[in-house]
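Colleague:
This is the structure we're talking about:
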């Protein structure tokens with residue numbers, strides 16, 4: 001029979017000392033966030049949820065977003081060439097996953113429908129244990145999923161969403177938007193429109209009949225009116241409209257010399273095609289050349305519109321040619337294009353860029369906070385200033401979780417050399433010019449509230 | 456006045472698409488008694504025949520251009536269509552430019568074959584089933600077809616322009632003595648209207664003046680008697696299904712320069728085309744054509760800014776309102792026949 005030297009008191013003392021020792025590396029950073037939260041990772045992996053349109057009208061954009069997410073996960077796990085992790089101003093990410101946990105991901109199909117997007121996000125959170133949800137190509141979806149993530153206690157890193165509401169009246173503490181918004185489009189475009197087309201212009205608006213259409217029309221209208229333009233008429237068009245000829249015809253009868261198409265996706269392709277068919281590009285009105293403006297551009301839409309896009313002004317969140325054409329201020333662009341282009345054979349869209357960046361920003365915030373707790377991530381991202389992710393110096397404003405950075409004003413190329421060379425950069429509008437107060441009337445209502453860690 | 460004329464013209468080209476689709480729907484319903492919810496998908500498949508034919512004409516081999524670089528800084532790979540090698544660049548590019556009209560020749564046999572395969576392979580098994588079953592199976596087929604197209608061609612619209620000679624518009628107002636710029640109308644929309652009129656006239660002439668058409672009409676009126684005369688009416692009806700598919704397909708081919716085709720375009724037209732059939736009168740070919748143009752024009756007028764100022768949103772429901780009024784006053788539709796869909 002052997003006598004044990006272990007006593008209950010001794011084991012407890014030893015355990016306390018050992019526990020404190022093991023916790024030392026993180027105790028100063030994560031102790032505040034030690035309490036439980038939704039889907040707290042316990043193993044050696046962490047799961048992210050990528051909720052993108054895999055069917056429906058924005059499926060091609062969703063596919064590009066998914067490519068970017070996959071690339072970001074590869075880079076976080078130390079595979080590939082590292083992409084923007086090499087240029088990112090924060091050096092917390094080292095290719096060992098997030099907080100040493102290998103990154104895994106699940107995907108969902110938003111179908112560009114709010115209810116379907118919420119259902120797939122809920123499934124990713126409840127069944128797959130996703131700690132963060134990202135993606136989407138529509139503001140309706142972004143607002144719906146953001147609200148769900150707030151309730152569930154996970155972080156939502158919005159994908160392509162441009163309506164003011166996402167970080168305006170529908171903003172949430174658990175939600176973050178890197179993409180620019182309607183106000184910024186208006187503020188960036190108006191001076192350039194005035195410089196290119198003059199201040200004495202009569203504009204006619206055809207606007208998609210949903211929240212993105214309303215906020216974008218309001219933003220462009222107010223900005224251009226401040227620059228001296230007059231608004232002749234604003235007409236709402238149903239989302240289901242495919243032939244816009246009957247909406248274009250009244251433009252011919254009006255006093256307008258500019259047509260602003262507040263349309264996106266297939267709507268934009270069809271309305272622009274119809275406008276060009278009716279000779280608006282060759283038209284003279286009020287002694288001036290008739291002009292068409294598309295406030296929100298996308299490379300995929302430009303491809304759909306074909307040669308009709310030539311000469312049309314619009315705005316973008318980012319463009320793959322930024323660093324080549326405008327220099328090192330936009331560093332990160334070439335690193336991302338190189339990674340993406342080598343893997344997939346074509347340059348990334350702005351939807352892909354924003355999703356890639358959002359994934360890195362989330363991972364970096366967790367790393368800096370030393371915790372996956374959504375409130376820790378909220379604290380790390382709010383007010384975070386960074387660079388090297390393709391847009392130049394950028395701020396994630398604490399008041400509304402909106403990123404503030406330069407906005408790219410582009411024009412459709414008249415004679416593109418290839419299918420990827422569809423737009424040319426006209427000018428980059430500096431951050432100061434597109435920055436607004438958190439209580440700006442276009443963003444009125446709603447409140448960020450408090451972060452929700454969930455469980 | 457200019458606005459009214461312009462909306463009539465707009466209504467005519469939109470009505471042309473409605474009329475062509477509704478004509479095919481009515482042909483199938485009149486001959487086979489099938490309510491074909493996959494008919495919009497046939498319109499979409501026709502449009503993608505034009506896309507496919509255009510892609511075939513542009514099949515290329517790659518040449519490395521060392522003087523230029525691609526987006527990654529590598530020597531640029533330039534695609535040179537094989538057709539340039541065969542006919543020279545000038546002729547080759549002209550052929551590619553005319554891809555849409557030329558694809559009619561490609562679409563006719565493809566769409567007839569697809570129609571016949573659809574009827575023989577699936578739809579004939581549902582002749583004796585209730586209309587609800589027919590609707591479910593054909594609607595399911597439409598979804599399958601559009602998902603197949605999306606898989607191969609993506610979800611975004613694919614630009615398929617008209618030949619250079621027909622790009623742009625002409626000043627119709629000047630021809631009528633109005634001020635310049637008041638009534639501007641695209642060339643291709645006028646061509647679409649004329650093409651639709653030609654196809655509709657062709658289908659009517661085929662049914663009216665050929666022996667085949669006479670037998671089909673007899674079969675539509677009294678299938679049993681025609682069968683008792685020893686005529687294989689099923690075979691003729693199968694061919695009519697193929698012809699109806701070709702009519703929808705041709706409507707789709709010629710529509711591609713008006714709106715860039717995407718996988719969902721068939722569904723966009725399907726529901727409205729069914730309303731057109733019901734308003735025209737189930738089983739009535741002239742009714743389908745008349746209602747197609749009528750509803751196209753009414754829809755165009757309802758989208759006028761002046762009308763929308765008074766009745767916001769009226770353009771989205773006007774066709775259904777007209778359908779309600781027509782069915783209340785003429786339950787069989789404008790030109791419906793007694794006994795059709797009344798058992």
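Chains as they are written, first to last, in this note's numbering: chain A, 1 to 455; chain B, 456 to 798.
No residue lacks a Cβ here, since even glycine has one placed at the ideal position from N, Cα and C.
None of the values given here were measured: they were computed from a predicted structure.
(1) According to DSSP, which residues form a beta bridge with residue 404(A)?
(2) Do you know offhand how far residue 438(B)'s Cα is from residue 652(B)'s?
(3) Tell me whether residue 663(B) is buried or exposed, calling it buried when 16 or more other Cβ atoms sit within 10 Å of its Cβ.
(4) Since residue 307(A) meets chain B, which of its residues come closer than 8 Å, beta carbon to beta carbon?
(5) Taking the straight line between their C-alpha atoms, what separation do you get for residue 90(A) and residue 247(A)?
(6) Identify every residue that forms a DSSP beta bridge with residue 134(A).
(7) Just the C-alpha distance for residue 321(A) and residue 596(B), rounded to the nearest angstrom, thanks.
(8) Whose Cβ in chain A lies nearer than 7 Å to the Cβ of residue 457(B)?
(9) Helix, strand or coil: which one does DSSP assign to residue 281(A)?
(10) Excluding sequence positions up to five away, which residues of its chain have a Cβ less than 7 Å from the Cβ of residue 416(A)?
(11) Mind checking the region 736 to 758 of chain B against chain A and listing, in chain order, the residues whose C-beta falls within less than 9 Å of any C-beta there?
(12) Taking the beta strand (DSSP E) that residue 316(A) belongs to, which residues open and close that run?
(13) Compute the beta-carbon to beta-carbon distance between residue 367(A) and residue 93(A), rounded to the nearest angstrom, for a pair I have assumed lies under 8 Å.
(14) Starting from the beta carbon of residue 412(A), find every residue of chain B whose beta carbon is closer than 8 Å, and list them in chain order.
(15) Is any beta-carbon of chain A found at less than 8 Å from that of residue 499(B)?
(16) Counting only beta-carbon separations shorter than 8 Å, does residue 67(A) have a partner in chain B?
(17) For the putative contact between residue 125(A) and residue 49(A), defined by C-beta atoms under 8 Å, what is the C-beta separation to the nearest angstrom?
(18) Is there contact here, the region 584 to 594 of chain B with the region 484 to 498 of chain B, by at least three beta-carbon pairs under 8 Å?
(19) Which of the residues in the region 48 to 59 of chain A, read from start to end, lie with their CB under 9 Å from any CB of chain B?
(20) Please list the terminal residues of the continuous alpha helix (DSSP H) segment that includes residue 62(A).
(21) On the criterion of 16 or more Cβ atoms from any shown chain inside 10 Å, does residue 779(B) qualify as buried, or is it exposed?
(22) Grab the span of the alpha helix (DSSP H) containing residue 644(B) for me, first residue to last.
(23) Three-state secondary structure (DSSP) at residue 297(A)?
(24) Reducing DSSP to helix, strand and coil, say where residue 11(A) ends up.
(25) Classify residue 530(B) as helix, strand or coil using the three-state DSSP reduction.
(26) Using the C-alpha atoms, what's the distance from residue 291(A) back to residue 312(A)?
(27) Between the beta-carbon of residue 206(A) and the beta-carbon of residue 261(A), is there less than 8 Å?
(28) If I follow the unbroken alpha helix (DSSP H) through residue 751(B), where does it start and stop?
(29) Can you name the residues of chain A whose CB is closer than 9 Å to the CB of residue 611(B)?
(30) Check the Cβ-Cβ distances between residue 720(B) and every residue of chain A, and say whether any is below 8 Å.
(31) What residues from chain B crowd round residue 342(A), counting only those whose CB sits closer than 9 Å?
(32) Give the range of the alpha helix (DSSP H) segment to which residue 678(B) is assigned.
(33) According to DSSP, simplified to helix, strand and coil, what is residue 344(A)?
(34) Where does residue 163(A) sit, in a helix, a strand or coil, going by DSSP?
(35) Indicate the three-state DSSP secondary structure (helix, strand or coil) for residue 376(A) in the structure shown.
(36) How many Å lie between residue 640(B) and residue 355(A) at the Cα?
Modeller: The answer reads as follows:
(1) By DSSP's assignment, residue 404(A) forms a beta bridge with 395(A).
(2) Past the edges of chain B, shown from 456 to 798, lies residue 438(B), and the structure says nothing about it.
(3) Around the beta carbon of residue 663(B), a 10 Å sphere encloses fewer than 16 other beta carbons of the protein chains shown; the residue is thus reported as exposed.
(4) Per Cβ cutoff of 8 Å: 614, 616.
(5) Their backbone Cα atoms lie some 50 Å apart in a straight line.
(6) DSSP, once it has assigned bridges, lists 50(A), 157(A) as partnering residue 134(A).
(7) When rounded, the distance between both Cα atoms is 43 Å.
(8) Within chain A, the residues 253 have their CB atoms less than 7 Å from the CB of residue 457(B), given in chain order.
(9) It is coil, neither helix nor strand.
(10) 422, listed in sequence order.
(11) Legend: CB atoms of the region 736 to 758 of chain B lying less than 9 Å from CB atoms of chain A belong to residues 754, 755, 756, 757, 758.
(12) From DSSP, the beta strand (DSSP E) with residue 316(A) extends over 313 to 316.
(13) About 6 Å; that satisfies the 8 Å criterion.
(14) Residues of chain B passing the Cβ test: none, with the nearest at roughly 12 Å.
(15) The Cβ of residue 499(B) sits no closer than 8 Å to any Cβ of chain A.
(16) No, residue 67(A) does not count as interfacial toward chain B.
(17) Confirmed, Cβ separation roughly 7 Å.
(18) Because the criterion of three Cβ pairs below 8 Å is met, the region 584 to 594 of chain B and the region 484 to 498 of chain B touch.
(19) Those would be 53, 55, 56, 57, 58, 59, in chain order.
(20) Per DSSP, the unbroken alpha helix (DSSP H) holding residue 62(A) starts and ends at 59 to 76.
(21) Residue 779(B) comes out exposed.
(22) Its alpha helix (DSSP H) spans residues 642 to 664.
(23) Residue state, collapsed to three classes: coil.
(24) Here the model assigns residue 11(A) a pLDDT of 43, short of 50, so the residue's position is not dependable, and the following value carries that caveat. Helix, per DSSP.
(25) For residue 530(B), the secondary structure class from DSSP, reduced to helix, strand or coil, is strand.
(26) Just so you know, the alpha carbons of residue 312(A) and residue 291(A) end up roughly 8 Å apart.
(27) In contact: residue 206(A) and residue 261(A) (Cβ atoms closer than 8 Å).
(28) In the DSSP assignment, residue 751(B) falls within the alpha helix (DSSP H) that extends over 740 to 757.
(29) Close partners of residue 611(B) in chain A (Cβ separation under 9 Å): 57, 58, 59, 60, 61, 265, 266, 269, 300, 301, 303, 304.
(30) Interface residue (Cβ-Cβ distance to chain A less than 8 Å): residue 720(B) is classified as such.
(31) For residue 342(A), the chain B residues whose C-beta falls within less than 9 Å of its own C-beta are 527, listed in chain order.
(32) Here the alpha helix (DSSP H) through residue 678(B) covers 678 to 683.
(33) In the structure shown, residue 344(A) sits in a helix (DSSP, three-state: H, G or I).
(34) Coil.
(35) Of the three classes helix, strand and coil, the one that applies to residue 376(A) here is helix, per DSSP.
(36) Residue 640(B) and residue 355(A) have their C-alpha atoms spaced approximately 43 Å apart.
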